[in-house]
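See below for the structure under consideration.
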Amino acid sequence: MDIRYRFVIFDWDGTLADSTAVIKRALQRAAEDLNYPIPSDAQASFIIGMGLRPALQHAIPTLREEDLLQLTERFRQHFIAGENEIVLFDGVPEMLAALKARGHSLAVATGKSRKGLDRAFDTLGLREFFIASRCADEGFSKPHPGMLHALFDMTGLSAADTVMIGDTTHDLQLAENAGTAAIGVTYGAHERALLEAHQPLTLVDSVSALRHFLETNA
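Residues in the sequence shown are numbered from 1064 upward in steps of one, following the working numbering.
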């Protein structure tokens, strides 16, 4: 079987897990708790995929440095309170199983913390599919290429072997900066027009469409 991209790297939130609404609500409630202007849905959606510190600073430009730690804790509290609402998008386990059986190596590159990703792995049961993962608190945040470079170092695979899949411009910029191919998914945080501007291999509207594209083109 001819495999074009041996290494398939997935974003987590908004790509595999349907968590966008929980993240937006957690950010908005955290801002309200500390009497900051409440980010709009669009503002809250834009920061999904970034590391938490740069995400909060981007979403709340007036954030004072002395409030950053407290805002971070409030966000985490609200997010954890809503975690039980998070589910996988339909077809995700089946897609990952099919890709693994086909001979692809799978990994995760996420703006989540290591604790957050491990908790999600345990709750949603996908750990077995991935040979490696990299989180925002282990190095540079997206779109810095360090996250993918670390995965290359961990696996011995290269940019030429790789396709990065995500729902945000941060994911597509990460792929550009690391020299890998990219696929955008339109069912997550960022709108199609924003993703189109980065000219990924393709944009897909569902997990089933993503699986079909990977099985026929990757």
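Even glycine gets a Cβ: it sits at the ideal position worked out from N, Cα and C. Quick caveat: nothing in here was measured; it's all calculated off a predicted structure.
Point to revise | DSSP bridge partner residues for S1196 (one or two, in chain order) | key: V1171
Exercise for review: With a threshold of 16 other CB atoms inside 10 Å of the CB of L1132, please say whether the residue is buried or exposed.
Suggested key: exposed
**Study point:** Cα-Cα separation between V1290 and S1108, rounded to whole angstroms
**Key:** For the chain, the structure presents residues 1064 to 1281; residue 1290 sits outside this window and is missing.
Check your understanding: Helix, strand or coil for T1135 per DSSP?
Key -> helix
**Study point:** Burial state of R1190, where buried means 16 or more other Cβ atoms lie within 10 Å
**Key:** exposed
Exercise for review: Out of T1225, I1194, I1149 and V1267, point me to the one whose CA is closest to R1182's CA.
Suggested key: I1149
Exercise for review: Tell me, please, which residues DSSP counts as bridged to F1073.
Suggested key: V1171 and I1228
**Study point:** DSSP-derived helix/strand/coil call for D1081
**Key:** strand
Review point. Which of the three DSSP states, helix, strand or coil, is assigned to L1273?
Key: helix
Point to revise | Same chain only: Cβ atoms within 6 Å of S1082, ignoring 5 sequence neighbours per side | key: D1076 and I1149
Practice item. Could you check if G1166 is buried or exposed, using at least 16 other CB atoms within 10 Å of its CB as the buried criterion? Key: exposed
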